[in-house]
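Here is the structure we will look at.
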Amino acid sequence: MRIQVRRTGGFAGIERRAEVDTSARPDAPEWQALAERVLASAPGTMPAGVPDGFRYEITVDGRTVYAADPRLTDDQRELISRVLKEGA
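Using our numbering, you'd call the opening residue of the sequence shown number 448 and step up by one each time.
Below, the structure is given as structure tokens:
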């Protein structure tokens with residue numbers, strides 16, 4: 448499974464991207480379950496955010512959903528954080 452996160456917005460407006468390929472990871476089932484929960488709960492269009500808040504584009508195996516601060520679910524926050532931290 449390939450998970451990509453693109454973060455835009457924020458005060459400085461700096462874009463950040465990261466990607467994780469879970470296929471060779473021992474924790475792949477955990478990533479897959481988290482990604483599936485995010486896909487099931489996130490809208491297919493960009494939700495309203497707040498000025499200077501971050502906006503996220505989350506793509507899992509070609510399927511893209513969107514999220515925005517401050518209305519992230521716990522699953523969205525965890526997936527975004529993990530991908531931006533562990534991804535390349």
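Quick reminder that beta carbons are idealized off the backbone N, C-alpha and C, glycines included.
What's the gap between the Cα of residue i and the Cα of residue j?
| i | j | result |
| --- | --- | --- |
| Phe501 | Glu477 | 25 angstroms |
| Pro517 | Ala471 | 33 angstroms |
| Pro490 | Ile527 | 15 angstroms |
| Tyr503 | Gln479 | 19 angstroms |
| Asp508 | Met493 | 19 angstroms |
| Pro498 | Ala514 | 14 angstroms |
Residues in the same chain with beta-carbon distance under 6 angstroms from residue i, minus the five sequence neighbours each way, listed in chain order, please.
| i | result |
| --- | --- |
| Ala465 | Val452, Val530, Leu531 and Gly534 |
| Thr520 | Ser488 |
| Glu483 | none |
| Gln506 | According to the sequence provided, residue 506 is Thr. The question's Gln does not apply to it. So the qualifying residues of the chain are Gln451. |
Assuming residue i contacts residue j under a Cβ cut-off of 8 angstroms, what Cβ separation, rounded to an integer in Å, is found between them?
| i | j | result |
| --- | --- | --- |
| Gly456 | Gly496 | 7 angstroms |
| Arg449 | Asp468 | 5 angstroms |
Buried or exposed for residue i, going by 16 or more other Cβ atoms inside 10 Å?
| i | result |
| --- | --- |
| Asp522 | buried |
| Arg463 | exposed |
| Arg454 | buried |
What residue range does the alpha helix (DSSP H) around residue i cover?
| i | result |
| --- | --- |
| Arg484 | Ala475 to Ser488 |
| Arg524 | Asp521 to Glu533 |
Whose C-beta lies closer than 7 angstroms to the C-beta of residue i among residues of the same chain, with five residues either side of it excluded?
| i | result |
| --- | --- |
| Leu481 | Asp522, Glu525 and Leu526 |
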